[in-house]
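Enquirer:
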């Protein structure tokens, strides 16, 4: 049971560190594309954010079998739903800062890409 909790927590931590790291790197390397509030109007940056989110979700799902010792699809579902719940909260707070297409794709990809990441690491 403890390994299962740690697997979900580990996946969440991997996603969060990956996302925050990418955002920090992108905003420091290309500050000209960001507004003072951290938002951006650049479609290219938004697409890069979506790709980064998907990579983070893929890795988050991938670490679950490492920690839980074997495939645990239900844990990947739990992680995906937690990521979606947190994502809805974060996106809702910044909903007007980004275009609708970005918000919807960002949220829609969280669960399926996390599940796909888990399936890539079935041992």
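Numbering (my numbering), first residue to last: 4 to 126.
Note that beta-carbon positions come from the ideal geometry of N, C-alpha and C, so glycine has one too.
The structure presented is a predicted model; accordingly, all values stated were derived computationally and were not measured.
(1) From residue 97 to residue 87, what does the alpha carbon distance come to, in whole angstroms?
(2) Should residue 4 go down as buried or exposed, given a rule of 16 or more other Cβ atoms within 10 Å for buried?
(3) Cα separation between residue 19 and residue 72?
(4) Could you say if the region 110-123 and the region 58-73 meet the contact criterion of at least three C-beta pairs nearer than 8 Å?
(5) Under three-state DSSP, which class holds residue 57?
(6) Taking the alpha carbon of residue 17 as the reference point, which residue from 55, 31, 105 has its own alpha carbon closest?
(7) If I follow the unbroken alpha helix (DSSP H) through residue 19, where does it start and stop?
Expert: So, from the listed chains and residues:
(1) 15 Å
(2) exposed
(3) Near 22 Å, if we compare the C-alpha coordinates of residue 72 and residue 19.
(4) yes
(5) Residue state for residue 57 is assigned as helix, using DSSP reduced to three classes.
(6) 55
(7) 5-32
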